[in-house]
Amino acid sequence: VTSNITMRSFLALLPSLAALTSLLMGWMVVTCQSSTVSDNPSTKSNKQLVLLAGPHEAGASEGIRKFFDLHATDYHDSQPSDSLSGWEWPTLDQKALTAIVEQENVSRHSIFKLLFQKKQNETTQETLMSAIRDSWEKADSGIILGDEKFDKIGVNPYSSLDGLRQVYRIVEYLQVPREDVTIVLLYSAPRIDQWGAIYNKKSRYDTYRDFLCKEHDADLLWEYIDTAMNAMKLSKDFLQNGFNVVVIDEEGTRQSDQDPAHVIACNILAADCDDSYWINGLKEERTEISQTHGLTVSDLPQAEQKDLELLFNQRDCVYQSELKKWPQFEVLNQRALWSSCDPRSESDTEYRETLMDIDFMVDVIKSQKCNSTSSHASDLSPPTLDTMKQDQTELDSTISTNKAMETLL
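If you count by this note's numbering, then the sequence shown holds residues 29 to 437, one letter each, in order.
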């Protein structure tokens, strides 16, 4: 049976309130910190390559690059930290840097986005790769660098970029074993905050409806739903290529009174830190949060924003059981990620495959504004709006109770 796939019909896939409440109760009585993976960079003796892969519009993504560009480089205006001794953020020759920044109109901390130039300037590419090599040879522990464009994994019809190819380009250039490479991804929550940032920064239109429904942005929409908004799929792809992956739960990090850049330095780089995971000598330094992060999707009603949040969360959940099987995978400060998963995300193959289907996701998201018709088969009967509102009210009450219990525990 072919029918319209709407956000409301998707919600019929969700678990009963009782099942979800049970899951939340179980989650609240366990620690929010993940276990340490035995082969993360901080426990290895070989020189390490750490790549920051965004994803796009994750709250602290740009701020983290600024942090390490300031405190792990040798530029004349840098503030290198002894606590990061042994680690390098690749430093370009000052003259070459000035020329590239002026020619390409790019900020210093974002200079490695130029690795993805479609029409590559050979001089620029040689300068960037030489800086990476020179810093690698100079560093005792390893190098850290990155850009959001490393999240461009898979088919990317809008940008045609290939993040995995650039990872391999660096790995092969430095001749680093894949087991000595760690990809760092941020997990932003609420998920709607990251989606709102993508809309506010990437859309050429004044309204959210046009962003979703105009054909000019169809490829952009598809690509960002498949990559930037899909950190769990990115994790799987990097793992399947033999790399270590560390995901930082931004909400869990904030609620633990920690900072993303400090978490990376203390947990992944084994920097000189105090017991609270703050870099010694830099505790007053904080990671900047993108100004576009958390901007609202202005013409999407609050109820529909909640539906969209639920959709993104449930898609993240279907990767949980598979990712946990990888010893090279780690989540730091886990709290928002996988906090309220439908049990079928582990046991129901059809449910999992449906949410992994990017075309399905695009259809459901568009249905909020575009009245699009999906080619996917569905026999779902959407619950009434009144029922959904009642369930949501009860769930909110349960979550508040559980948070109070967590405080007592």
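Note that beta-carbon positions come from the ideal geometry of N, C-alpha and C, so glycine has one too.
For the pair of segments examined, the region 238-245 was found not to touch the region 343-359: the number of CB pairs separated by less than 8 angstroms stays below three. For residue 398, no pairing in a beta bridge is given by DSSP.
Linking residue 282 to residue 362 through their CA atoms gives a straight-line distance of about 11 angstroms. Under DSSP, residue 215 takes part in a beta bridge, and its partners are 277. Residue 99 holds the alpha-carbon nearest to the alpha-carbon of residue 315 among 78, 74, 99. Of the candidates 385, 264, 355, 264 places its Cα closest to the Cα of residue 179. At least 8 angstroms separates the beta-carbon of residue 90 from that of residue 171.
Checking the DSSP bridge columns, you'll see residue 307 partnered with 301.
Assignment of beta-bridge partners to residue 272 by DSSP yields 210. Within the region 147-234, complete alpha helix (DSSP H) segments of at least 4 residues are found at 150-166, 191-202, 219-230, given in chain order.
Residue 134: not part of any beta strand (DSSP E); DSSP gives it neither H nor E. In this structure, DSSP gives residue 359 an extended state, which the three-state scheme calls strand. For residue 145, the three-state secondary structure derived from DSSP is coil. Counting along the chain, residue 78 sits inside no alpha helix (DSSP H); it lies in the beta strand (DSSP E) bounded by residues 76-80. Annotated as distal: residue 271 and residue 219, with beta-carbon spacing of 8 angstroms or more. Of the residues assessed, residue 154 falls on the exposed side of the cut-off, its CB having fewer than 16 other CB atoms within 10 angstroms.
The beta carbon of residue 297 is closer than 6 angstroms to those of 115 in its chain, skipping five residues each way along the sequence. For the 8 angstroms CB-CB criterion, residue 214 and residue 278 form a contact. Residue pairing for residue 116: DSSP places it in a beta bridge opposite 171. Residue environment analysis places residue 177 among the buried positions, since at least 16 neighbouring C-beta atoms fall within 10 angstroms of its C-beta.
In this structure residue 325 touches residue 227 by the C-beta definition: roughly 6 angstroms separates them, less than 8 angstroms.
DSSP, reduced to helix, strand and coil, places residue 257 outside both helices and strands of the structure shown, so it counts as coil. Exclusion of the five residues before and after residue 195 leaves 79, 178 as the residues of its chain whose Cβ lies within less than 7 angstroms of its Cβ. Judged by DSSP in its simplified three-state form, residue 252 adopts helix.
Distances from the CA of residue 295 to each of 360, 261, 233 were compared; the closest alpha carbon is that of 360. In the DSSP annotation of this structure, the continuous segment of the alpha helix (DSSP H) that includes residue 373 starts and ends at 372-375. By the criterion of at least three beta-carbon pairs nearer than 8 angstroms, the region 117-129 is in contact with the region 151-166.
Under the 10 Å beta carbon count, residue 308 is surrounded by fewer than 16 other beta carbons and is classified as exposed. With a beta-carbon spacing of about 6 angstroms, residue 229 and residue 85 fall inside the 8 angstroms limit used to define contacts.
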